[in-house]
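Have a look at the structure below before the remarks.
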Amino acid sequence: MSSKPRRRDQHGGKDSRFEELRQKAEALVDGRATPIHADSIDDVKELLHQLTVYQIELELQNEELVSAQSRLEGSRNKYIKLFDFAPTAYFTIDEDGLIRESNLAGSQLLAVDRSILANKPFIAYLHTDSQNTFYKHRQSVLREGMQQTCLLTIRPRTGGERIVRMHSVLVEELVAEDERDRDLDPASGEKVTSAGYILAAAEDITDLKRTEELLHQAKHASEKANEAKSEFMARMSHELRTPLNGILGLTQLVIESALDAEQQSNLSMVRESAQELLSIVNDILDVSKVEMGVLSLKSCEFSLRRVVRDCASAFENSAKVKGIYCTTKIDPEIEDAYIGDPLRIKQVLTNLISNAVKFTPKGGVEVTVSQDVQQAVAGRHHLRFEVRDTGIGIPEDLIDQIFERFYQVDGSFTRSFEGTGLGLAIAKSLVEMMEGVIQVRSAPGKGSVFTFILPLAPALAERPASTIPATTEDAMVDEQPAEPEQTPVPPVSVCEPVPGRRNRPVLPPLSVLLAEDNAVNQAFAQLILRREGHEVVTVSNGEEALEALARQSFDVVLMDVRMPGMDGVEATRRIRAGESYVLDAEIPIVAMTAHSSIEDRERFLKAGMDCYVSKPMNWEQILEAMAEALDVRGRTPGHDSA
Numbered sequence: 001m002s003s004k005p006r007r008r009d010q011h012g013g014k015d016s017r018f019e020e021l022r023q024k025a026e027a028l029v030d031g032r033a034t035p036i037h038a039d040s041i042d043d044v045k046e047l048l049h050q051l052t053v054y055q056i057e058l059e060l061q062n063e064e065l066v067s068a069q070s071r072l073e074g075s076r077n078k079y080i081k082l083f084d085f086a087p088t089a090y091f092t093i094d095e096d097g098l099i100r101e102s103n104l105a106g107s108q109l110l111a112v113d114r115s116i117l118a119n120k121p122f123i124a125y126l127h128t129d130s131q132n133t134f135y136k137h138r139q140s141v142l143r144e145g146m147q148q149t150c151l152l153t154i155r156p157r158t159g160g161e162r163i164v165r166m167h168s169v170l171v172e173e174l175v176a177e178d179e180r181d182r183d184l185d186p187a188s189g190e191k192v193t194s195a196g197y198i199l200a201a202a203e204d205i206t207d208l209k210r211t212e213e214l215l216h217q218a219k220h221a222s223e224k225a226n227e228a229k230s231e232f233m234a235r236m237s238h239e240l241r242t243p244l245n246g247i248l249g250l251t252q253l254v255i256e257s258a259l260d261a262e263q264q265s266n267l268s269m270v271r272e273s274a275q276e277l278l279s280i281v282n283d284i285l286d287v288s289k290v291e292m293g294v295l296s297l298k299s300c301e302f303s304l305r306r307v308v309r310d311c312a313s314a315f316e317n318s319a320k321v322k323g324i325y326c327t328t329k330i331d332p333e334i335e336d337a338y339i340g341d342p343l344r345i346k347q348v349l350t351n352l353i354s355n356a357v358k359f360t361p362k363g364g365v366e367v368t369v370s371q372d373v374q375q376a377v378a379g380r381h382h383l384r385f386e387v388r389d390t391g392i393g394i395p396e397d398l399i400d401q402i403f404e405r406f407y408q409v410d411g412s413f414t415r416s417f418e419g420t421g422l423g424l425a426i427a428k429s430l431v432e433m434m435e436g437v438i439q440v441r442s443a444p445g446k447g448s449v450f451t452f453i454l455p456l457a458p459a460l461a462e463r464p465a466s467t468i469p470a471t472t473e474d475a476m477v478d479e480q481p482a483e484p485e486q487t488p489v490p491p492v493s494v495c496e497p498v499p500g501r502r503n504r505p506v507l508p509p510l511s512v513l514l515a516e517d518n519a520v521n522q523a524f525a526q527l528i529l530r531r532e533g534h535e536v537v538t539v540s541n542g543e544e545a546l547e548a549l550a551r552q553s554f555d556v557v558l559m560d561v562r563m564p565g566m567d568g569v570e571a572t573r574r575i576r577a578g579e580s581y582v583l584d585a586e587i588p589i590v591a592m593t594a595h596s597s598i599e600d601r602e603r604f605l606k607a608g609m610d611c612y613v614s615k616p617m618n619w620e621q622i623l624e625a626m627a628e629a630l631d632v633r634g635r636t637p638g639h640d641s642a
């Protein structure tokens, strides 16, 4: 039967049958119809059936279209609501800068009703300082077609100002265009659309900017406070070290005179108290430097054995008083000359030895130095320093806390062991600055072992260990140990001989100009210099020093850095410049300073000072500094091994 294949016809086949049926219907209307045969009746029935199916299909498709349109309308309404009620202000701006559309947040930002905003220039709501910024921003978006961002200051109609971060992007057809939105091309007369629209999201960052400004002000205030703190610490350094210089210096001179045993003992206690105060001052200054990030390291050749011996010798007497031993053991295979910062290495060692002696009631303390071969790298040796004691030990749960500032294992007010709790914290900071590591092993009642490993480069030329002195009198103020309370006594060493005293410079009688404003320090320096056979003229500030140098010739100047009126740095600069009619612009100048930073010392040397000595200073340091200054200026005195 032919009807079956027709049922499988596609819509194209149905359309042809519908057309045939339409033609027959027209023929009937025109009177041109031919008789309908049985086959034709069957065809009509088949076509009617297909028409019914087709009608049902159209109705189903129409229902689907209506449903899809409803869903699209719902989505559109949903996104319109999202746009309208979004917390961020949105604006649609045309190429002329007119507002075509905005959401509720946008109208609230400008404090203008949405209906009024339409076709208003966006620039009218900007602060005058932001109008040119917005113009350039808009042109850039239209020209490049890429997202752009700028900061603008909005002036709402209600008054005040709001700072916004505007993110803009170019879109083709965001606003629904109708005939009113179309323009006529002047050449063709045809209607054309706009070049595009700018969709701008304005993020109100007023509160954020205010917070940033507050943070900036707080940072500025903090920096000012740190500067004030730094200046305060510098002043404290000078003000504390200056009287300590007089106390320690004059005490040492009196101790060296003819005294009975009781007087010697009393003066020794005075000196010990002053040295303890000095160590506290040094610790506080170092902590301050670490906090401010100004603690610096220097790199120079030094004797490893001398550093270790100097540190141990500072505590030998205090150990002897407690009835404990203090020994050193240095691997004989280790080289002696290394490149590093001996001052800071000595500071770490003295802090560790100080704690070991303090917390060891019986037994003793052993300082060992060996080389960690496994960690050795090209050009550098990893030296392992260990300070081992048989003291009270540290509980395991407190080991991680002992390197914290101001922390002490026994923190009660009635603790048996006094101290600031800064020594270990400073030691840890210094070791880490020198690219090393520090650790501790301990148990209550079994003592402690503090170990730190430093990578140090050996010096090219090694000096013989036998010529290296070991006396803490050589140390300048920054090299003072944490608790060098007693007179240094060479330590007992299980493998190294005790070194001899430093070769003291022998200077011929010199004419010395002493510029120092502190009366006690003047008296101390005069006693030392005159005892050595030198002639001394004393002045109290830089102006008087220049006047004295213009009146007569001197062999050397001892110049205090900090003095009222003209300080020592400015006076030195003028001397080197040949100002004030000084007779000898190349005269050797020794800086006497309580300023301890490397930056300060470099400033002194840059001003023209030949060398420096730190307060408090002893007589050997003064004489050695004078000899060094003479040597720098080519006026080298002889030396004697006395």
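Residue numbers (the UniProt record's numbering): 1 to 642. For each residue, glycine too, the CB sits at the ideal point set by N, CA and C. Just so it is clear, the structure is predicted and the values come from calculations on it, not from any experiment.
Where are the beta strand (DSSP E) runs, 3 residues long or more, that stay fully inside the UniProt domain "Response regulatory" (511 to 630), in chain order?
511 to 515, 535 to 539, 556 to 560, 589 to 593 and 611 to 614, all fully within the UniProt domain "Response regulatory" (511 to 630).
Taking the Cβ atom as the reference point for each residue, do V387 and A356 lie within a distance shorter than 8 Å?
What you label residue 387 is simply residue 387 of the sequence shown in a count that begins at 1. What you label residue 356 is simply residue 356 of the sequence shown in a count that begins at 1. It is a contact, given that the beta carbons lie within the stated cut-off.
E316: first and last residue of the uninterrupted alpha helix (DSSP H) it sits in:
For the purposes of this step, residue 316 is taken as residue 316 along the sequence shown, with counting starting at 1. Per DSSP, E316 belongs to the alpha helix (DSSP H) from L304 to K322.
May I ask which residues mark the beginning and end of the alpha helix (DSSP H) holding L259?
For the purposes of this step, residue 259 is taken as residue 259 along the sequence shown, with counting starting at 1. Counting along the chain, no alpha helix (DSSP H) covers L259, and no H or E run does either.
If you follow the alpha helix (DSSP H) that R138 is part of, which residue opens it and which one closes it?
On the sequence shown, position 138 is the one that residue 138 refers to. Unbroken alpha helix (DSSP H) run through R138: T128 to E144.
How big is the Cα-Cα spacing for K329 and S296?
As a first step, residue 329 is located in the sequence shown; it is residue number 329 there, counting from the start. As a first step, residue 296 is located in the sequence shown; it is residue number 296 there, counting from the start. In this structure, the CA atom of K329 is about 29 Å from the CA atom of S296.
Under the three-state DSSP convention, the category P509 falls into
On the sequence shown, position 509 is the one that residue 509 refers to. Secondary structure at P509: coil, using DSSP grouped into helix, strand and coil.
Whole angstroms is fine: what's the gap from F403's alpha carbon to D600's?
Translated into the one-based positions of the sequence shown, residue 403 becomes position 403. Translated into the one-based positions of the sequence shown, residue 600 becomes position 600. F403 and D600: Cα-Cα distance of roughly 29 Å.
Considering Cα atoms alone, identify which of E602, E213, L549 and F524 is closest to V569.
As a first step, residue 569 is located in the sequence shown; it is residue number 569 there, counting from the start. Nearest option by C-alpha distance: E602.
Can you tell me whether D96 is buried or exposed, with buried defined as 16 or more other CB within 10 angstroms of its CB?
Your numbering for residue 96 matches position 96 in the sequence shown. It counts as exposed.
Just reading off the alpha helix (DSSP H) that I345 is part of, what are its end residues?
Walking along the sequence shown from the start, residue 345 turns up at place 345. Element bounds for I345: P342 to K358.
Taking just the CA atoms, how far does C311 sit from L456?
Position 456 of the sequence shown, counted from the first residue, corresponds to residue 456. Position 311 of the sequence shown, counted from the first residue, corresponds to residue 311. A direct Cα-Cα distance of roughly 19 Å separates L456 from C311.
Tell me, which residues are paired with V364 by DSSP?
By one-based count along the sequence shown, residue 364 stands at place 364. Rather than Val, the amino acid found at residue 364 in this sequence is Gly. Beta-bridge pairing links G364 to Y325.
My output table needs one value for F452: the three-state DSSP class, helix, strand or coil.
Sequence index remark: in the sequence shown, residue 452 carries index 452 (1-based). DSSP places F452 in strand when its eight states are reduced to three.
CB L507 to CB A629, shorter than 8 Å?
The residue labelled residue 507 in the question sits at position 507 within the sequence shown. The residue labelled residue 629 in the question sits at position 629 within the sequence shown. In terms of Cβ geometry, L507 and A629 do not form a close pair [threshold 8 Å].
Over what stretch of residues does the alpha helix (DSSP H) that includes I426 continue unbroken?
One-based indexing of the sequence shown puts residue 426 at position 426. Counting along the chain, the unbroken alpha helix (DSSP H) around I426 starts and ends at G423 to M433.
Between the alpha carbons of A337 and R305, how many angstroms are there, rounded?
Locating residue 337 in the sequence shown gives position 337, where the first residue counts as 1. Locating residue 305 in the sequence shown gives position 305, where the first residue counts as 1. If you take the alpha carbons of A337 and R305, they lie about 9 Å apart.
Span of the beta strand (DSSP E) holding R635?
Residue mapping note: residue 635 aligns to position 635 of the sequence shown, counting from 1. In the DSSP annotation of this structure, R635 is not part of any beta strand (DSSP E), being labelled neither H nor E.
Compare the beta carbon distance of L527 and L253 with 8 Å and say whether it is the shorter of the two.
For the purposes of this step, residue 527 is identified with residue 527 of the sequence shown, where counting begins at 1. For the purposes of this step, residue 253 is identified with residue 253 of the sequence shown, where counting begins at 1. A distance below 8 Å separates the beta carbons of L527 and L253.
Expressed to the nearest angstrom, what Euclidean distance is found between the alpha-carbon atoms of E579 and A545?
Here residue 579 refers to the residue found at position 579 of the sequence shown. Here residue 545 refers to the residue found at position 545 of the sequence shown. Cα to Cα, E579 sits roughly 12 Å from A545.
Have a look at Q148, L60, D341 and T128 and flag the residue whose alpha-carbon is nearest the alpha-carbon of L454.
By 1-based counting over the sequence shown, the position of residue 454 is 454. Of Q148, L60, D341 and T128, the residue nearest in Cα terms is D341.
Taking its Cβ as the centre, do 16 or more other Cβ atoms sit within 10 Å of H381, making it buried, or is it exposed?
Here residue 381 is taken as the residue at index 381 of the sequence shown, counted from 1. Classification of H381: buried, given that the 10 Å Cβ count is 16 or more.
State the beta-bridge partners of A200 as determined by DSSP.
The residue given as residue 200 occupies position 200 in the sequence shown. Assignment of beta-bridge partners to A200 by DSSP yields F91 and S168.
Check whether the Cβ atoms of I339 and E301 lie closer than 8 Å to each other.
Mapped onto the sequence shown, residue 339 falls at position 339. Mapped onto the sequence shown, residue 301 falls at position 301. Yes, these two residues count as a Cβ contact at 8 Å.
Endpoints, beta strand (DSSP E) assigned at Q147
On the sequence shown, residue 147 is found 147 positions in, with the first residue counted as 1. First-last for Q147: undefined, no H or E at that position.
Do the segment 538 to 554 and the segment 257 to 277 make contact, defined as three or more Cβ pairs closer than 8 Å?
Flag = no, the segment 538 to 554 and the segment 257 to 277 do not touch.
Euclidean distance between Cα positions of E316 and V632
Position 316 of the sequence shown, counting from 1, holds the residue named residue 316. Position 632 of the sequence shown, counting from 1, holds the residue named residue 632. Near 36 Å, if we compare the C-alpha coordinates of V632 and E316.
Identify the residues that DSSP records as bridge partners of A457: which are they?
Locating residue 457 in the sequence shown gives position 457, where the first residue counts as 1. DSSP output for A457 lists I339 as bridge partner(s).
Status (buried if at least 16 other CB within 10 Å, exposed otherwise) for S416:
Mapped onto the sequence shown, residue 416 falls at position 416. A caution first: S416 carries a pLDDT of 44, below 50, which makes its placement in the model unreliable, though a value can still be read off. It counts as exposed.
Is it a yes or a no for the segment 87 to 101 touching the segment 118 to 137, going by three-plus beta-carbon pairs under 8 Å?
A contact exists between the segment 87 to 101 and the segment 118 to 137.
Would you call the segment 440 to 451 and the segment 389 to 403 in contact, with 3 or more CB pairs under 8 Å?
Contact holds: three or more Cβ-Cβ distances are below 8 Å.
Give the C-beta separation of V537 and A548 to the nearest angstrom, bearing in mind that I take them to be a contact with Cβ-Cβ under 8 Å.
Locating residue 537 in the sequence shown gives position 537, counting from the first residue. Locating residue 548 in the sequence shown gives position 548, counting from the first residue. The Cβ separation is near 6 Å, so the contact holds.
Look at the alpha carbon of G159 and the alpha carbon of I116, and state the distance between them as a whole number of angstroms.
One-based indexing of the sequence shown puts residue 159 at position 159. One-based indexing of the sequence shown puts residue 116 at position 116. The alpha-carbon atoms of G159 and I116 are separated by roughly 18 Å.
Using CA coordinates, which residue listed in M617, D584 and Y612 is at the minimum distance from V520?
Numbered from its first residue, the sequence shown carries residue 520 at position 520. The residue among M617, D584 and Y612 with its C-alpha nearest the C-alpha of V520 is M617.
For Q148, count the other beta carbons within 10 Å of its own beta carbon; 16 or more makes it buried, fewer makes it exposed. Which is it?
Position 148 of the sequence shown, counted from the start, is the residue given in the question as residue 148. Using a 10 angstroms sphere on the CB of Q148, the tally of other CB atoms reaches 16 or more, which defines it as buried.
Straight-line CA distance for D84 to G106?
Your numbering for residue 84 matches position 84 in the sequence shown. Your numbering for residue 106 matches position 106 in the sequence shown. Straight through space, the alpha carbons of G106 and D84 are spaced by roughly 9 Å.
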